[in-house]
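Here the structure is laid out as structure tokens; the discussion comes afterwards.
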Amino acid sequence: MNQAVASEKPTAIDASTWRKRYADIIAPVYYQYSDLVVDHAQGTHLYTVDSRDVLDFGSGIAVTNLGHGHPAVVAAAHAQLDRLWHTSVTSLHPRLIEAAERLVNVTPKGLDQAFFTNSGAEAVESALKLARRATGRSEIIAFYGAFHGRTYGALTLTASNPRYHRNIGPFLPGVHHVRYPYCLHTCAHTSDEPCPIAEGEDIERLFKTVVPADSVAAIMVEPILGEGGYVVPPARFMPRLREICDEHGILLVADEVQSGLARTGKMFAVDHVGVLPDIMCVAKALGNGMPVAAIVAKRELMARWERGEHGTTYGGNAVACSAAIAVIDTIVRDNLCERSARLGKRVMEQLASWRPLFPEIIDIRGRGLMIGIEFMRDGKPAGELVDAIQKRALELGVLLLTCGVEHNVVRLIPPITTSETDLERGLDMLQTAIKETR
Ligand SMILES: Cc1ncc(COP(=O)(O)O)c(C=O)c1O
Numbered sequence: 380m381n382q383a384v385a386s387e388k389p390t391a392i393d394a395s396t397w398r399k400r401y402a403d404i405i406a407p408v409y410y411q412y413s414d415l416v417v418d419h420a421q422g423t424h425l426y427t428v429d430s431r432d433v434l435d436f437g438s439g440i441a442v443t444n445l446g447h448g449h450p451a452v453v454a455a456a457h458a459q460l461d462r463l464w465h466t467s468v469t470s471l472h473p474r475l476i477e478a479a480e481r482l483v484n485v486t487p488k489g490l491d492q493a494f495f496t497n498s499g500a501e502a503v504e505s506a507l508k509l510a511r512r513a514t515g516r517s518e519i520i521a522f523y524g525a526f527h528g529r530t531y532g533a534l535t536l537t538a539s540n541p542r543y544h545r546n547i548g549p550f551l552p553g554v555h556h557v558r559y560p561y562c563l564h565t566c567a568h569t570s571d572e573p574c575p576i577a578e579g580e581d582i583e584r585l586f587k588t589v590v591p592a593d594s595v596a597a598i599m600v601e602p603i604l605g606e607g608g609y610v611v612p613p614a615r616f617m618p619r620l621r622e623i624c625d626e627h628g629i630l631l632v633a634d635e636v637q638s639g640l641a642r643t644g645k646m647f648a649v650d651h652v653g654v655l656p657d658i659m660c661v662a663k664a665l666g667n668g669m670p671v672a673a674i675v676a677k678r679e680l681m682a683r684w685e686r687g688e689h690g691t692t693y694g695g696n697a698v699a700c701s702a703a704i705a706v707i708d709t710i711v712r713d714n715l716c717e718r719s720a721r722l723g724k725r726v727m728e729q730l731a732s733w734r735p736l737f738p739e740i741i742d743i744r745g746r747g748l749m750i751g752i753e754f755m756r757d758g759k760p761a762g763e764l765v766d767a768i769q770k771r772a773l774e775l776g777v778l779l780l781t782c783g784v785e786h787n788v789v790r791l792i793p794p795i796t797t798s799e800t801d802l803e804r805g806l807d808m809l810q811t812a813i814k815e816t817r
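The numbering of the sequence shown is the working numbering, which starts it at 380 and goes up by one.
What follows is the structure, encoded as structure tokens:
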């Protein structure tokens, strides 16, 4: 990191004063996983104003996949800052074109054009609009447990927490939810039997009872459920959705906002199952902290929008695009998909060895470095235990996030560049936190 920043003394204002000022001036609706006051950060380390050095195993919610202050991204953004920041729709600029080329290069073959936005929710909105516009149909199918963002369209699809919907309706018409194959809780079949939900039973029932299949514009899906609990569906699920979509002329939209860009051990989660979506939403890790997101889709599909029917002021900002270029180049050059898969396998093996020690752990799942640990006690979701674990782990020195509709899943999403020593240290702290709180 910039030596000048590292050697600067943290500000003289103490953490509790910052917290008081925060509480006074920032809308309380903004949920925070911790009250750390971070002065600067490097790699997996958060350095607070009160001189704490905390391991960041949340990556700003799956954003800083390359770690804080990655030199290639910092250099690219710095260089662009001195050159050009912004044009929007007034003119073209090279970084916009290069960022789109890089993105299209790493998304599944067949997705060949990009449209940039500033956030995941806006990417989801763009996908919804494109799906309705291109098919001329109104209905959208989404899944219980899904999180797609907080804008009205994305929020209507989101079904991971009723609090998000309290007293702010009505929502977007035409959205229907079905179950996500979260076999641990939703299914009664044995591990050898096919999962009826993954086979599309709920969607077929919806078609027979409520929604004619030929009125459905899109099925929006997270290939691995994120906020809903880091659930990896059966391998059949995504291919079956593809079949259903093909059979009825429905567009398959993969929301890879959280699972994308090497997080799962492949560039995108759909790469694990070889499914080509019609539209893919990408955000979070794309800028490693710079606000940049996109949808990527087939050229013929993008051509269904008439010029000017959709747009954005900041989407494709030159500094954000230069960060995205550096992110994609670094993932490819440094084999970060392979690193994520390798480290993830190690973490999963280590977590599996804890199972006999902690009967409250009822499931360990994930792909690459997108890992969830689910806790139950006395047959009930152990949300309070998970909160206590998170709190104790933070005292010990590792920042963890949680997830799950029942709030009973610890999610591990450290930067993919985390050193093996830091990974080990973070897991040790987690193990101690579980031991001390259960
Ligand atoms: C899968 C998924 N989609 C969409 C979003 C919304 O992204 P943003 O917060 O950038 O609007 C998120 C954010 O957590 C997400 O996890």
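Yeah, the Cβ is synthetic: ideal placement off N, Cα and C, and Gly gets one too.
Just to confirm, does residue i get its C-beta within under 6 Å of one of the non-hydrogen atoms of ligand 1?
i	result
His-544	no
Val-636	yes
Ala-662	yes
Gly-528	yes
Ala-500	yes
Gly-605	yes
Glu-601	yes
Output the distance between the C-alpha atoms of residue i and residue j, rounded to the nearest integer angstrom.
i	j	result
Thr-796	Gly-528	27 Å
Leu-620	Pro-591	16 Å
Met-659	Ile-392	44 Å
Leu-490	Thr-569	37 Å
Glu-477	Ile-704	7 Å
Met-681	Trp-733	48 Å
Leu-778	Ala-720	22 Å
Asp-766	Arg-512	43 Å
Phe-495	Pro-560	31 Å
Phe-586	His-627	10 Å
Val-652	Leu-471	36 Å
Ile-750	Glu-799	16 Å
Met-822	Asp-634	Outside the displayed span of the chain (380 to 817) sits residue 822, for which this structure offers no information.
Thr-692	Met-727	43 Å
Gly-437	His-786	16 Å
Residue i by DSSP, collapsed to three states: which one?
i	result
Glu-480	helix
Val-652	coil
His-447	strand
Phe-495	strand
Tyr-412	coil
Cys-782	strand
Arg-615	coil
Phe-405	Here the sequence assigns Ile to residue 405, which means Phe is not the residue at that position. Three-state DSSP puts Ile-405 in coil, outside helix and strand.
Lys-677	coil
Met-819	Residue numbering for the chain in the displayed model covers 380 to 817; residue 819 lies beyond these limits and cannot be assessed.
Glu-544	Going by the sequence as given, residue 544 is His instead of Glu. Here His-544 sits in helix by DSSP.
Tyr-818	Any answer about residue 818 is impossible in this case: the structure gives the chain only from 380 up to 817.
His-465	coil
Gln-637	coil
Asp-625	helix
Lys-759	strand
Using CA coordinates, which residue listed in the options is at the minimum distance from residue i?
i	options	result
Glu-622	Gly-532, Glu-685 and Pro-656	Pro-656
Ala-455	Glu-739, Met-755 and Cys-700	Cys-700
Ile-519	Ser-594, Asp-708 and Val-416	Ser-594
Pro-575	Pro-541, Gly-605 and Pro-613	Pro-613
Ala-673	Gln-810, Val-433, Arg-481 and Gln-729	Arg-481
Arg-431	Ile-813, Glu-799 and Glu-774	Glu-774
Pro-541	Pro-560, Ala-441 and Tyr-523	Tyr-523
Pro-793	Val-452, Glu-580, Arg-718 and Asp-708	Arg-718
Glu-679	Asp-435, Ala-510 and Val-452	Ala-510
Glu-688	Val-468, Glu-606 and Leu-585	Val-468
Thr-505	Arg-683, Gln-729, Arg-804 and Glu-753	Here the sequence assigns Ser to residue 505, which means Thr is not the residue at that position. It is Arg-683.
Ala-451	Gln-421, Trp-464, Gly-437 and Pro-738	Gln-421
Ala-675	Gly-446, Lys-508, Ser-438 and Ala-479	Contrary to the premise, residue 675 reads as Val rather than Ala in this sequence. Checked all of Gly-446, Lys-508, Ser-438 and Ala-479; the closest Cα to Val-675 is Ala-479.
Arg-817	Arg-545, Phe-754, Gly-448 and Thr-691	Phe-754
Glu-685	Asn-444, Lys-508 and Leu-748	Lys-508
Gly-579	Leu-551, Pro-618, His-419 and Glu-606	Pro-618
Ala-772	Ile-741, Val-433 and Leu-425	Val-433
Thr-535	Arg-545, Leu-551 and Asn-444	Leu-551
When you compare the CB positions of residue i and residue j, do they come within less than 7 Å of one another, or not?
i	j	result
Thr-486	Asp-801	no
His-556	Ala-567	no
Val-428	Ala-394	yes
Val-554	Ala-597	no
Val-698	Gln-492	no
Val-611	Arg-744	yes
Gly-694	Asn-497	yes
Ala-577	Arg-615	yes
Arg-746	Thr-643	yes
Ala-641	Leu-715	yes
Leu-780	Tyr-543	no
Val-789	Gly-608	no
Let me see if you follow: with CB-CB separation under 7 Å, is residue i close to chain D or not?
i	result
Gly-628	Going by chain labels, chain D is absent from the structure shown, which holds only one protein chain.
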